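>
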């Protein structure tokens with residue numbers, strides 16, 4: 001596998017994905033946590049950008065909050081792992097994408113981008 005080519009393809013995808021999130025107002029996450037005392041639940045809003053981290057030939061795409069650098073929160077979006085001669089997607093909204101060859105990576109990432117675009121706003125932003 002050509003890992004430099006995969007890196008370049010993933011970085012191109014991330015630029016497009018972050019641009020889509022900015023234009024469609026999906027560049028934040030809302031986390032709701034139930035609290036078992038008088039207040040009921042707490043809602044926290046995180047402004048995020050999506051970044052990639054490569055570790056031992058596994059690429060992890062995660063949302064990183066734009067807060068103070070010590071207290072940044074990270075939320076997993078997508079993990080790309082090589083399996084034998086194929087690549088595998090795991091993470092949010094990946095059930096329809098099966099293992100595929102390296103040459104199909106850019107097409108599968110575009111399919112994933114379109115899947116995220118088609119999701120209702122609340123389904124993508126709330127968790």
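Numbering (my numbering), first residue to last: 1 to 127.
For each residue, glycine too, the CB sits at the ideal point set by N, CA and C.
The model shown is predicted, which means the values in this text are computed figures rather than measured ones.
#1: Exposed or buried, what is residue 63 when buried is set at 16 or more other beta-carbons lying within 10 Å of its beta-carbon?
#2: At what residues does the beta strand (DSSP E) containing residue 45 begin and finish?
#3: Can you find at least 3 beta carbon pairs, one from the region 47-60 and one from the region 72-84, that sit closer than 8 Å?
#4: Could you give the DSSP three-state label for residue 77: helix, strand or coil?
#5: Under a three-way DSSP split, which group does residue 65 fall into?
#6: By alpha-carbon positions, which one of 102, 116, 103, 84 ends up nearest to residue 96?
#7: Between residue 21 and the rest of its own chain, which residues show a CB-CB distance below 6 Å, the 5 nearest in sequence each way excluded?
#8: When the Cα of residue 29 is compared with those of 118, 43, 111, which residue comes out closest?
#9: Just mark residue 17 as buried or exposed, buried being the case when its beta carbon has 16 or more other beta carbons within 10 Å.
#10: Among the residues of its own chain, which have a CB less than 6 Å from the CB of residue 7, if the five just before and after it don't count?
#11: Please tell me whether residue 108 and residue 100 are closer than 8 Å, where the distance is taken between their beta carbons.
#12: Taking its Cβ as the centre, do 16 or more other Cβ atoms sit within 10 Å of residue 13, making it buried, or is it exposed?
#13: Just how far apart, CA to CA, sit residue 85 and residue 54?
According to the structure shown:
#1: buried
#2: 41-55
#3: When C-beta atoms of the region 47-60 are compared with those of the region 72-84, three or more pairs fall below 8 Å, so the two segments count as touching.
#4: strand
#5: strand
#6: With distances taken between CA atoms, residue 96 lies nearest to 116 out of 102, 116, 103, 84.
#7: 27
#8: 43
#9: buried
#10: none
#11: yes
#12: buried
#13: The C-alpha of residue 85 lies about 19 Å from the C-alpha of residue 54.
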